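Residues in the sequence shown are numbered consecutively from 937, following our numbering. To start, the structure itself, in structure tokens.
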Amino acid sequence: FVGRIIGEAALPYLTPLGAIIGLLCFWGIVKELADRKAAWISSLLLAVTPAFWYYHSRAFFHNALFFDFLLLAVYLLIKALKSKNAWAYLASGLALGLAIALRTSEVFWIIVAGAVWLGLNWQQVKWNYLLLLILGVVVSFSPVLLTNYQIYGSIFSIGYRQDLMLTGDLQQTLGLLQQLILPFGWHPRVILSTVANYLINLTWWWTVLATLGFGYFLISWRKQTKQAKNFMMGLLVMVCWLVIVYGSWQFNDNPDPAAITLGTSYARYWLPIYGFLLWPAGLALSRLLNWKWGKELLLSIVGCYVVLSGLLVWTEPAEGLAQIRDNIKRFQVWGQEVQNLTEPDSVIVAGITDKIFWPERRVIYDLINPADYVAVNKLLTAGTSVYWFHPTWRAEGLATINKRLVDYSLVLEAKTLSWQDFSLYEFKIKP
């Protein structure tokens, strides 16, 4: 949809553009809550914070754009509270709607944290203008509802795999309220482990600054403006919600279950935490400028922050940007080799490697339900070749798969075994 509007060639540049918008808005937020010095320091820290840097360096991570539009919405709402301008309320709603469209699952904490913040600012809020904010959200979010209807037949349908729905991983047996508030349950030990791994150990230098900044804010509480205090209360609601919800979820993106990397989903789910908590950190660091040798100390701290962040973002062995660059080059070779072995109109079952082959080849993400295998049979019957690009099966594993395929009159044959741990298999109709 977006590609049709701005052109497919422009799509990879959306995320970097979002980073610029997000940083400018964060600067504006901190300036309104503190001052220009704190705004410059906080924005610089955000730009080189590992999670922000990493996910804005990779195209199509909607978590990054979500955070950028959220920053835009917050900035516009702060300006709306200050100016009491109707258009500012509407613009904030439009930006918030875009953020929710990108990460609809975040809507609940946004509502709660926003309600706390606005409730504490009730004297500044033009309550009748909130209807304009809501209107903006609805207008921006409406393309999602339309797309859901076109794809799934209902505006409220979702795109989760059916096996997740059937096995109960979406916790359908729980009440609706619990699904919305605690979709992954309440697991304190898991929360503590996740926080230790991803909010402390992975980027300890961020943790040090965020902790010192929050401590400074509490110590100087009486000196802070009412606007800053109210914003901090809403921010704490957001932090607690995100920590409890995503911290209770145990999953592994990396093939190594013990790996703690920046590429794991926790880092991008908690991007708002990484970002917003740099506001009090920047505020605290800006006070160093009042000290003798304070400027030199500040430059040293920021310099160390930049170096440590850059090392993690670029040189992390498993998922650093340098390794990803090498992976992309290798995958491009794989994609071309598979194209040479398959027909232009063929279909490839590709799993997580689907992006290697699409759009040059049509892809199926996975074969989950009996209907999927029936569809493969129909494609073959219609004369369309179907392949499966999969981690190489051992002989006994392939035999097990073929026993399952008997029910669908299919057989899977190895075509090429040459891509590290992956191989290309071809479906045939079993006589």
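Built from N, CA and C at the ideal position, the CB exists for glycine as well. In this text the structure is predicted, and so the values were computed from the model without any measurement.
Per DSSP, leucine 1360 is one residue of the beta strand (DSSP E) stretching across 1358-1365. The Cβ-Cβ distance between tryptophan 1270 and tryptophan 1355 falls below 9 Å.
Going by beta carbons, isoleucine 1237 and leucine 1219 fall outside the 9 Å limit.
Annotation: aspartate 1343 to aspartate 1357 spans about 28 Å, alpha carbon to alpha carbon.
In this structure, the straight-line span from the alpha carbon of methionine 1168 to that of glutamine 1160 is close to 10 Å. Straight through space, the alpha carbons of isoleucine 1196 and valine 1126 are spaced by roughly 14 Å.
The Cβ atoms of tyrosine 1210 and tryptophan 1141 lie no closer than 9 Å to each other. Under the three-state reduction of DSSP output, valine 1048 falls in the helix class.
DSSP, reduced to helix, strand and coil, places histidine 1326 within a strand of the structure shown. The beta carbon of leucine 1012 sits closer than 7 Å to those of Ala1024, Ala1027, Ser1028 and Ala1031, all from its chain and outside the five residues before and after it, given in chain order. Less than 9 Å divides the Cβ of leucine 969 from the Cβ of alanine 1164. With 16 or more other Cβ atoms from the protein chains shown falling within 10 Å of its own Cβ, cysteine 961 counts as buried. When DSSP states are grouped into helix, strand and coil, alanine 1350 belongs to the strand group. In the three-state DSSP reduction, isoleucine 1300 falls in the strand class (E or B). A distance of 9 Å or more separates the beta carbons of leucine 1001 and leucine 947. Restricting attention to Pro1208, Arg1297, Glu1255 and Trp1250, the CA atom closest to the CA of glutamate 1273 is found in Arg1297. Nearest in C-alpha terms to leucine 1172, of all of Leu1081, Val1073 and Ile1046, is Ile1046.
Within 10 angstroms of the beta-carbon of threonine 1289 lie 16 or more other beta-carbons, which makes it buried. For a cut-off of 8 Å, the C-beta gap from serine 1245 to threonine 985 is around 6 Å, short enough to register as a contact. Under the three-state reduction of DSSP, tryptophan 1227 is assigned to coil, being neither helix nor strand. Here isoleucine 956 is exposed, its C-beta having fewer than 16 other C-beta atoms within 10 Å. Looking only at Gly1151, Leu1198 and Lys1351, the smallest Cα-Cα distance to asparagine 1137 is reached by Leu1198.
The beta carbon of isoleucine 1284 sits closer than 6 Å to those of Phe1293, Arg1297, Val1299, Tyr1323 and Phe1325, all from its chain and outside the five residues before and after it, given in chain order.
Rounded to the nearest whole angstrom, the CA to CA distance from asparagine 1263 to serine 1359 is 17 Å. Distance between glycine 1287 and lysine 1062, taken at the CA atoms: about 50 Å. Contact between leucine 1346 and tyrosine 1309 holds, with the beta-carbon distance rounding to 7 Å and staying under 8 Å. In the structure shown, isoleucine 1036 adopts helical secondary structure according to DSSP, grouped into three states. DSSP lists no bridge partner for tryptophan 1053.
Alanine 987 is classed as buried because its beta carbon has at least 16 other beta carbons within 10 Å across all chains shown. Under the three-state reduction of DSSP output, valine 1175 falls in the helix class. The C-alpha of tryptophan 989 is placed about 13 Å away from the C-alpha of threonine 1251. Closest by C-alpha distance to tyrosine 1065, out of Val1048, Asn1021 and Pro1079, is Asn1021. In the three-state reduction of the DSSP assignment, tryptophan 1355 falls in the strand class.
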